[in-house]
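Numbering (our numbering), first residue to last: 847 to 1151.
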């Protein structure tokens, strides 16, 4: 086991504090949005500790930087996602395993989870039985697993079309020991027929980038899978709207759909939902940065699905 107590570096070794500061400068020059945070996370990964321990060791001094840190910094400077280098993504109260083939969960999606948790609580207050939740396009499992972790009494299912992403999600579920059914399937097609018309909450973070648009961030453009990015039409809403139709067939009357979208779709998605489906109370919500992020809509009784 690695001894994490302060040490006197060897003459040719670089002190951890010096190495992290140099890594921060290198990543800043490379255009990384959070260079200091990333440098500390890379050092933590290289040492096999958490970020708090790295910061403690930097304050104490006398700790040599691990030899692998320089290589990790080089890869991050070339815009390999931090989460692909560390193999983990922090999302709410969970640490998820991620890597090539699965969309890396973003902090803005926590807005959707907060809204979903509030709806689970409201539904639980009305029902004498467990709340039913379905997460479509579940990716790494971030939403479904967070909902189950934070509301253990809810019954949660997830669906993912990509075999690679589904494998990451099931691995995360099993490692975390959360009782969530995760199926492999297309969210634009009927699913979970045994739950049709009985689900209280459907959450969706669908692919929504317009076809032909190119993401600016290299981490997204070059590393996130296309199936998780592009919404199947020039406005990016074809797949989200087909997924909303799937949600309508699952939800009970009064059940709630929550769908993430691009900040540029804060008007277009609610307008299309209101026009195209059996929905009422269509509302859009801002994320923590004040940008449009999540549309919610309640299932009307009857009507087209």
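Cβ atoms here follow ideal geometry from the backbone N, Cα and C, with glycine treated the same way.
| said: For residue 1034, which residues in the same chain have their Cβ closer than 7 Å to its Cβ, ignoring the five residues on either side in sequence? | reply: These residues qualify, in order along the chain: 1085, 1088, 1089, 1092.
| Within the region 1079 to 1147, ranges of the alpha helix (DSSP H) (whole runs, at least 4 residues) | Those alpha helix (DSSP H) runs which fall completely within the region 1079 to 1147 and span 4+ residues are 1084 to 1096, 1114 to 1122.
| said: Rounding to the nearest angstrom, what Cα-Cα distance links residue 945 and residue 991 in this structure? | reply: Roughly 17 Å between the two C-alpha positions.
| Neighbour-count burial assignment, residue 1062, 16 or more Cβ in a 10 Å radius | Answer is exposed; the Cβ neighbour count stays below 16.
| said: Taking only three categories from DSSP, how would you classify residue 864? | reply: Residue 864: helix per DSSP, three-state reduction.
| query | What's the gap between the Cα of residue 1133 and the Cα of residue 961? | reply | Distance from the CA atom of residue 1133 to the CA atom of residue 961, rounded to whole angstroms, is 11 Å.
| request: Consult DSSP for residue 975 and reduce its assignment to one of helix, strand or coil. | output: DSSP places residue 975 in coil when its eight states are reduced to three.
| task | Using DSSP bridges, identify the partner residues of residue 1029. | result | DSSP output for residue 1029 lists 1005 as bridge partner(s).
| task | Look at residue 911 and residue 860 and say whether their C-beta atoms are less than 8 Å apart. | result | Yes; because the gap between Cβ atoms is below 8 Å, this pair is in contact.
| field | Alpha-carbon to alpha-carbon, residue 1143 and residue 1039 | value | Annotation: residue 1039 to residue 1143 spans about 21 Å, alpha carbon to alpha carbon.
| field | Euclidean distance between Cα positions of residue 927 and residue 1058 | value | In this model, residue 927 and residue 1058 are separated by some 23 Å (Cα to Cα).
| task | Tell me, please, whether the region 990 to 1005 touches the region 966 to 975 by the rule of three or more beta-carbon pairs shorter than 8 Å. | result | The region 990 to 1005, when compared against the region 966 to 975, does touch it at the 8 Å Cβ threshold.
| Can you name the residues that DSSP bridges to residue 941? | Looking at the DSSP assignment, residue 941 forms a beta bridge with 936.
| residue 1101 to residue 966 span [Cα, whole Å] | Take the alpha-carbon of residue 1101 and the one of residue 966: they are about 10 Å apart.
| query | If you compare alpha carbons, which of 985, 1054, 1107 is closest to residue 1137? | reply | Here the closest residue by C-alpha is 1107.
| Residue span of the alpha helix (DSSP H) that contains residue 896, given as start and end | Element bounds for residue 896: n/a, residue is neither H nor E.
| request: Measure the C-alpha to C-alpha separation of residue 1043 and residue 905 and round it to an integer number of angstroms. | output: Near 57 Å, if we compare the C-alpha coordinates of residue 905 and residue 1043.
| Own chain partners of residue 988 with C-beta closer than 7 Å, once the 5 adjacent residues on each side are dropped | Only 937, 942, 951, 955 meet the Cβ criterion.
| said: Judging by CA-CA distance, which residue of 1014, 1045, 1049, 1007 is the nearest neighbour of residue 1030? | reply: Ranking 1014, 1045, 1049, 1007 by Cα distance to residue 1030 puts 1007 first.
| query | With DSSP run on the structure shown, which of helix, strand or coil describes residue 1153? | reply | For the chain, the structure presents residues 847 to 1151; residue 1153 sits outside this window and is missing.
| task | For my contact list, residue 923 and residue 862 are in at a C-beta cut-off of 8 Å; report their separation, rounded to the angstrom. | result | At roughly 19 Å, the Cβ-Cβ gap does not stay under 8 Å, so residue 923 and residue 862 are not in contact.
| said: When you compare the CB positions of residue 915 and residue 876, do they come within less than 8 Å of one another, or not? | reply: By the CB criterion at 8 Å, residue 915 and residue 876 fall outside the cutoff.
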